[in-house]
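First up is the structure itself, then whatever we jot down about it.
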Amino acid sequence: MNTDMKGIFTALLTPFDKNDNVNEKELEKLVRHNVNMGASGFYVGGSTAEAFFLSTEERKLIMDVVKDTAPEKTLIAHIGSLREKEAHELSAHANKLGYKAISSVAPFYFKFTFEEIKGYYIRLAENSDIPMLVYHFPGFSGVNMGMGEISQFLSDDRFIGIKYTSNDFFTMEQCKSRFPDKVVYNGYDEMFLCGLSMGADGGIGSTYNFMADKFVRIQKLFDEGRISEAQEVQKEANRIISILCKIGVMPAEKEVLCQLGFDFGKCRPPFSSPNEEARDLIAKEIIPYVTAL
Ligand code: MN9
17 MNTDMKGIFT
27 ALLTPFDKND
37 NVNEKELEKL
47 VRHNVNMGAS
57 GFYVGGSTAE
67 AFFLSTEERK
77 LIMDVVKDTA
87 PEKTLIAHIG
97 SLREKEAHEL
107 SAHANKLGYK
117 AISSVAPFYF
127 KFTFEEIKGY
137 YIRLAENSDI
147 PMLVYHFPGF
157 SGVNMGMGEI
167 SQFLSDDRFI
177 GIKYTSNDFF
187 TMEQCKSRFP
197 DKVVYNGYDE
207 MFLCGLSMGA
217 DGGIGSTYNF
227 MADKFVRIQK
237 LFDEGRISEA
247 QEVQKEANRI
257 ISILCKIGVM
267 PAEKEVLCQL
277 GFDFGKCRPP
287 FSSPNEEARD
297 LIAKEIIPYV
307 TAL
């Protein structure tokens, strides 16, 4: 496994301007802020980016902006779509831009069979010169795969690894132990330290947008064997994440960025916006504890 795949990968949020267009300037600013906080790379156009609320053109534009702003970083493009044609088009774009990998959530909603899901991944991987990172998120996709299914991907050269968002850490450990050359990313930020202890090479997360530095620190402390110090930083992050969960993670994350000085706008409907009480809570309990712009 390449060492440039290790570390902290911010699952970038998408800023919208007053006219509900992608705000390129603010996205550049967010990318630079994350580079300053020590992020190793970016997960571009994932669910955190509101991928399923974006047009194909908007998804391509976001890939362009991130590549132009941080060409030296490891970039992974989420190209997943229920419209497989769109997924292929986005994959071709990521290939052209020189992204390191493509990634996709499993086709969801219709309760596809595993053979159907596998067919989707294989067709995309086959048509791509860059490898595929499986995005495993049963809580949201409704697609639960065990080791039997996951190993059919990890044993295939066209697959680079898995973004693993589940609290079944036994299966995560099996992914890394049985396929040590593949990359395994922890998906739930609030359990990042658990993931590291079960073999994860790093994390891909939404809360990294404004506290990547805390997760860089957790991984560094973990690598140095300073586990109780790593626990302290994880606890600090988790106090913040518990507030985000109470408000609604993505709308709350955008509000944090607005209060930090980004012109970030709001999530697209049907997401709601934090009310006054929630905004006050963020101002008092989160902003003083995250890195200023
Ligand atoms: O990418 C994220 N998942 C989603 C992973 O937001 C859909 C996580 O960063 C969670 O938001 C976070 C809070 O539960 O761990």
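Residue numbering for the sequence shown follows the working numbering, starting at 17 and increasing by one per position.
No residue lacks a Cβ here, since even glycine has one placed at the ideal position from N, Cα and C.
Practice task
Report yes if the C-beta of residue 265 is less than 6 Å from at least one heavy atom of ligand 1; otherwise report no.
Solution key: On the sequence shown, residue 265 is found 249 positions in, with the first residue counted as 1. Because some heavy atom of ligand 1 lies under 6 Å away, the Cβ of residue 265 counts as near it: yes.
Handout entry: Coarse secondary structure for residue 306, derived from DSSP in three states
Key = Mapped onto the sequence shown, residue 306 falls at position 290. Residue 306 falls in the coil class under three-state DSSP.
Exercise for the section: Look at residue 179 and residue 203 and say whether their C-beta atoms are less than 7 Å apart. Expected result: Working through the sequence shown from its first residue, we reach residue 179 at position 163. Working through the sequence shown from its first residue, we reach residue 203 at position 187. Between residue 179 and residue 203, the C-beta spacing is below 7 Å.
Exercise for the section: Can you grab the Cα-Cα spacing for the pair residue 176 / residue 147, in whole Å? Expected result: Numbered from 1 along the sequence shown, position 160 holds the residue referred to as residue 176. Numbered from 1 along the sequence shown, position 131 holds the residue referred to as residue 147. Taking the straight line from one Cα to the other gives about 6 Å.
Handout entry: Distance between residue 243 and residue 102 (C-alpha atoms, nearest Å)
Key = If you number the sequence shown from 1, residue 102 lands on position 86. If you number the sequence shown from 1, residue 243 lands on position 227. The straight-line gap from Cα to Cα measures roughly 44 Å.
Practice task
Please determine if the stretch 87 to 96 and the stretch 110 to 119 are in contact, where contact requires at least 3 C-beta pairs separated by less than 8 Å.
Solution key: Touching, per the Cβ criterion.
Exercise for the section: Have a look at the DSSP bridge pairing and note the partners of residue 202. Expected result: To locate residue 202, count along the sequence shown from 1; it is residue 186. Beta-bridge pairing by DSSP links residue 202 to 180 and 219.
Exercise for the section: Output yes or no for whether 7 Å exceeds the beta carbon distance between residue 29 and residue 72. Expected result: By 1-based counting over the sequence shown, the position of residue 29 is 13. By 1-based counting over the sequence shown, the position of residue 72 is 56. Not closer than 7 Å, so no.
Practice task
Output the distance between the C-alpha atoms of residue 233 and residue 112, rounded to the nearest integer angstrom.
Solution key: Indexing the sequence shown from 1 puts residue 233 at position 217. Indexing the sequence shown from 1 puts residue 112 at position 96. When rounded, the distance between both Cα atoms is 34 Å.
Practice task
Check whether the Cβ of residue 222 lies closer than 6 Å to any heavy atom of ligand 1, and answer yes or no.
Solution key: As a working mapping, residue 222 is identified with position 206 in the sequence shown. Yes.
Problem - Alpha carbon of residue 131 to alpha carbon of residue 142, nearest angstrom - result: Looking up residue 131 in the sequence shown gives position 115. Looking up residue 142 in the sequence shown gives position 126. When only Cα atoms are considered, residue 131 and residue 142 end up about 16 Å apart.
Problem - Ranges of the beta strand (DSSP E) found wholly within the stretch 33 to 113, counting only runs of at least 3 - result: Correct list: 57 to 60 and 90 to 94.
Exercise for the section: Pull up the distance between the alpha-carbon of residue 129 and that of residue 123, whole angstroms please. Expected result: Position 113 of the sequence shown, counted from the first residue, corresponds to residue 129. Position 107 of the sequence shown, counted from the first residue, corresponds to residue 123. Each residue's alpha carbon lies about 10 Å from the other.
Problem - Pick from 304, 167, 307 and 76 that is closest to residue 190, judged by C-alpha positions - result: Along the sequence shown, read from residue 1 onward, the residue named residue 190 stands at position 174. Closest by C-alpha distance to residue 190, out of 304, 167, 307 and 76, is 167.
Practice task
Given a cut-off of 7 Å, decide if residue 90 and residue 228 are closer than it, judged by their beta-carbon atoms.
Solution key: As a working note, residue 228 is residue 212 in the sequence shown. As a working note, residue 90 is residue 74 in the sequence shown. It is not a contact, given that the beta carbons lie outside the stated cut-off.
Handout entry: Residue closest to residue 104, alpha-carbon to alpha-carbon, out of 75, 254 and 288
Key = Start at 1 with the first residue of the sequence shown, and residue 104 comes out as number 88. For residue 104, the nearest C-alpha among the options comes from 75.
Practice task
Taking the CB atoms as reference points, tell me whether residue 220 and residue 59 lie closer together than 7 Å.
Solution key: On the sequence shown, residue 220 is found 204 positions in, with the first residue counted as 1. On the sequence shown, residue 59 is found 43 positions in, with the first residue counted as 1. Yes, they are a contact pair.
Practice task
Report buried or exposed for residue 31, applying the criterion of at least 16 other Cβ atoms within 10 angstroms of its Cβ.
Solution key: By 1-based counting over the sequence shown, the position of residue 31 is 15. Its Cβ being crowded by 16 or more others within 10 Å, residue 31 is buried.
Practice task
Tell me whether residue 117 sits in a helix, a strand or coil according to DSSP, three-state version.
Solution key: Taking the first residue of the sequence shown as position 1, residue 117 is located at position 101. In this structure, residue 117 counts as strand in the three-state DSSP scheme.
Practice task
May I ask whether a heavy atom of ligand 1 can be found less than 6 Å away from the beta carbon of residue 193?
Solution key: For this step, residue 193 is matched to residue 177 along the sequence shown. Answer for residue 193: no, Cβ out of range of ligand 1.
Practice task
In angstroms with no decimal places, state the Cα-to-Cα distance between residue 80 and residue 109.
Solution key: To locate residue 80, count along the sequence shown from 1; it is residue 64. To locate residue 109, count along the sequence shown from 1; it is residue 93. Cα to Cα, the separation comes out at about 9 Å.
Exercise for the section: Tell me, to the nearest whole angstrom, how far the beta carbon of residue 78 is from that of residue 51; I am working on the premise that it is less than 8 Å. Expected result: Counted from its first residue, the sequence shown places residue 78 at position 62. Counted from its first residue, the sequence shown places residue 51 at position 35. Contact check for residue 78 and residue 51: beta-carbon distance about 16 Å, past the 8 Å limit, so the pair fails to qualify.
Handout entry: Enclosing alpha helix (DSSP H) for residue 187 [first to last residue]
Key = Numbered from its first residue, the sequence shown carries residue 187 at position 171. It spans 185 to 194 - the alpha helix (DSSP H) in which residue 187 sits, taken as one unbroken run.
Exercise for the section: With a cut-off of 8 Å on the beta carbons, I'd call residue 1 and residue 88 a contact; round off their distance for me. Expected result: Absent from the model: residue 1. The displayed extent of the chain is 17 to 309, so no value can be given.
Exercise for the section: Report yes if the C-beta of residue 27 is less than 6 Å from at least one heavy atom of ligand 1; otherwise report no. Expected result: Mapped onto the sequence shown, residue 27 falls at position 11. The beta carbon of residue 27 sits closer than 6 Å to at least one heavy atom of ligand 1.
Handout entry: Near ligand 1: residue 137 beta-carbon under 6 Å from a heavy atom
Key = In the sequence shown, residue 137 corresponds to position 121, counting from 1. Not so, every heavy atom of ligand 1 lies at least 6 Å from the Cβ.
Practice task
Would you kindly report the start and end of the unbroken beta strand (DSSP E) that includes residue 27?
Solution key: Along the sequence shown, read from residue 1 onward, the residue named residue 27 stands at position 11. Counting along the chain, residue 27 sits inside the beta strand (DSSP E) bounded by residues 23 to 27.
Exercise for the section: Within its chain, find whatever has a CB closer than 8 Å to the CB of residue 253; leave out the 5 residues flanking it on each side and keep chain order. Expected result: As a working mapping, residue 253 is identified with position 237 in the sequence shown. Same-chain partners within the cutoff: 205, 206, 208, 223, 227, 230, 231 and 234.
Problem - Which residues DSSP lists as bridging residue 175, in chain order - result: For the purposes of this step, residue 175 is taken as residue 159 along the sequence shown, with counting starting at 1. DSSP links residue 175 through a beta bridge to 148.
Practice task
Round the Cβ separation of residue 17 and residue 199 to the nearest angstrom and send it over; I've been treating them as touching at under 8 Å.
Solution key: In the sequence shown, residue 17 corresponds to position 1, counting from 1. In the sequence shown, residue 199 corresponds to position 183, counting from 1. At roughly 5 Å, the Cβ-Cβ gap stays under 8 Å, so residue 17 and residue 199 are in contact.
Problem - Alpha-carbon to alpha-carbon, residue 184 and residue 170 - result: Looking up residue 170 in the sequence shown gives position 154. Looking up residue 184 in the sequence shown gives position 168. One C-alpha to the other measures close to 17 Å.
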